[in-house]
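Let me begin by presenting the structure, written as C-alpha cells, before commenting on it.
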Amino acid sequence: MYIESKNHHAPRRMNDPTFKDNVAYIFMGVRSVDLTYNENLEQAWKDWTGVRLVNSCLRKEFYISRYSFFHRIQPPDPELFMYVLMIECHNVKTTNVTYLLDFVQKLRVERVFGYLTVYRKEALATTSAIIKGLLSDQDEYGGKVDI
Numbered sequence: 001m002y003i004e005s006k007n008h009h010a011p012r013r014m015n016d017p018t019f020k021d022n023v024a025y026i027f028m029g030v031r032s033v034d035l036t037y038n039e040n041l042e043q044a045w046k047d048w049t050g051v052r053l054v055n056s057c058l059r060k061e062f063y064i065s066r067y068s069f070f071h072r073i074q075p076p077d078p079e080l081f082m083y084v085l086m087i088e089c090h091n092v093k094t095t096n097v098t099y100l101l102d103f104v105q106k107l108r109v110e111r112v113f114g115y116l117t118v119y120r121k122e123a124l125a126t127t128s129a130i131i132k133g134l135l136s137d138q139d140e141y142g143g144k145v146d147i
C-alpha cells in the first residue's frame, strides 16, 4: 500500500482536446534496503528522482500536468518499490512518442537508478472502423484492397 506524500499539479489546459487525449505516464519505481520511512529523501524527491531534469529538459510539446510521489507504508518488503513517481504527460501522439521514449532511455542511462518506463493508453480500432477503412480503400483503389 502506498500513500501520495508529495505532488505538483500544473494548471490544466483541458479545453484543448490534444491535452485531454493522448496521455502517457512516466513511471519510476525505486527499491530501498532501508525499509523505514526517510523524511530527508522525501524532502529532496525532486532532485534524486530526476523530476527537475525532466521538467527542464523534456520538450514543452509534452505538457506535464502532474507529478505524484508515493512512498510505501506496508508491507515492509525489500522486493517491492519503496518509492514510486508518476509523471502525467499530455499530447503524446504516434508522431512524437519516439522522442519521449528516447528521452526516458537517456534518463535511465544517465541519471535514474530505479525502474523507469512509459505507459500509454492506446485506442484500439473497432471492427466497424477497420471495415469502414477497408471499404474506403476499396473505392479509392478500384475495388482492390491490400489486407
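Note that UniProt numbering has the sequence shown beginning at 1, numbered continuously upward. Glycine included, every Cβ here is placed at the ideal spot set by N, Cα and C.
It is roughly 30 Å from the alpha-carbon of residue 73 to the alpha-carbon of residue 90. Secondary structure at residue 85: strand, using DSSP grouped into helix, strand and coil.
When the alpha-carbon of residue 92 is set against those of 39, 7, 56, 62, the nearest one is in 62. Within the same chain, Cβ atoms closer than 6 Å to the Cβ of residue 85 are found at 28, 49, 69, the five residues on either side in sequence being excluded. As the crow flies, the alpha-carbon of residue 43 is around 21 Å from that of residue 65.
Where residue 39 is concerned, the enclosing alpha helix (DSSP H) starts and stops at 39-43.
For residue 68, the pairing in a beta bridge is given by DSSP as 7, 86.
Annotated three-state conformation of residue 98 is helix, per DSSP.
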